[in-house]
Each structure stands twice: as C-alpha cells, then as structure tokens.
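Going by our numbering, the first residue of the sequence shown is number 1311, and it counts up by one from there. Note that beta-carbon positions come from the ideal geometry of N, C-alpha and C, so glycine has one too. Let me begin by presenting the structure, written as structure tokens, before commenting on it.
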Amino acid sequence: MPADIKLKPGIFLERTFKVLANKTANYFSESDSEKYAEVLGTPFLIADMEKVCAELMNPLLIGDEVSVGAHIDIRHIASTGIGATYVIKVVFESVRWGLYTFSVEACDSIGVVGKGQIVRAINSNSKILQRANQAV
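If you want it as structure tokens, here you go:
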C-alpha cells in the first residue's frame, strides 16, 4: 500500500440497493418442493455488504491486487420485500496483520435489517487464481 494512501478508522461509505426478484431467498429454489420467502436473501445482503467494503478498499490496491473476504459475522434480523430499497453503511474500524475490519449495517425504510462485521485482506489476483486453478 502506498504510504500516502491509508484508511483511517471511522471513515465510512454508504450505498443504496434494491431488492429484485433475483435477490430473494426463493431465488435459490431448485424445485417446486423447495419454498423460501420472497424477501431479500441473506447471501445477497452479505454480498452487497462485501461489495461496499471492497469499494472502500479500492484506493489501496496496486497492480493486480484485489481485496478478498476473510471473515464475516453478520446477523440478518429483519425481512425486506421485493421492490424495497436498503442502505448499507460500512465503517472502517482497523487494520491488523493485513486484515481490514469493517462494521456494517443495512437499513430499509423501517429500520435495521442486518448488521455485523466483515474482515477483508489484500492479495495478488494472479496468486489467487494460481491456487484456485490447482483445485480444478
């Protein structure tokens, strides 16, 4: 990371998302016998939270570096229906041993729908792909 580019604790970023039919829990249904709610699915909520954290880290990346998820601790505590919007706020907390920790919260028009902590790291994309391709 260049010496002149740093994340300072407390810096935050907010982004707004919309619940579409392909972001619902029911989207994972593979057969008629599987029934899930037509509300924002937890994996999509977490993916959007990760996306905002990654966006906040983008200025730190050099060359083929990318930020990658290292740990998540998220509670999805309320449902959000199709067509509703939700705002994700991520706050940078700290960096230790190359692990960047963020507090995250998602709110819709009624209140908090999810919150927790996400940890990300910076790694070389070519090294990630090299390891991944060995598993194929």
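6 angstroms CB neighbourhood of residue i in its chain, flanking five on each side removed
{"i": "residue 1401", "result": "1322, 1413"}
{"i": "residue 1433", "result": "1378"}
{"i": "residue 1383", "result": "1426, 1427"}
Residue from the options whose Cα sits closest to the Cα of residue i
{"i": "residue 1422", "options": "1395, 1440, 1445", "result": "1395"}
{"i": "residue 1372", "options": "1316, 1342, 1330, 1338", "result": "1316"}
{"i": "residue 1426", "options": "1435, 1416, 1420", "result": "1416"}
{"i": "residue 1332", "options": "1398, 1343, 1347, 1318", "result": "1347"}
{"i": "residue 1336", "options": "1406, 1390, 1437, 1439", "result": "1390"}
{"i": "residue 1353", "options": "1445, 1424, 1444, 1437", "result": "1424"}
{"i": "residue 1330", "options": "1350, 1407, 1384", "result": "1350"}
{"i": "residue 1328", "options": "1343, 1355, 1340", "result": "1355"}
{"i": "residue 1357", "options": "1343, 1406, 1341, 1386", "result": "1386"}
Cβ-based neighbour list, residue i, same chain, cut-off 8 angstroms, excluding 5 preceding and 5 following
{"i": "residue 1430", "result": "1360, 1363, 1364, 1367, 1377, 1378, 1379, 1380, 1409, 1410, 1412"}
{"i": "residue 1420", "result": "1388"}
{"i": "residue 1318", "result": "1402"}
{"i": "residue 1345", "result": "1336, 1339"}
Contacts around residue i, its chain only, beta-carbon distance under 7 angstroms, and the 5 residues preceding and following it disregarded
{"i": "residue 1326", "result": "1395, 1397"}
message = My parser needs the alpha helix (DSSP H) runs of 4 or more residues fully inside the stretch 1345 to 1424; what are they?
response = Considered as a whole, the stretch 1345 to 1424 harbours 1352 to 1367 as its complete alpha helix (DSSP H) runs of no fewer than 4 residues, in chain order.
message = Would you call the stretch 1373 to 1388 in contact with the stretch 1313 to 1333, where contact means no fewer than 3 C-beta pairs closer than 8 angstroms?
response = Flag = no, the stretch 1373 to 1388 and the stretch 1313 to 1333 do not touch.
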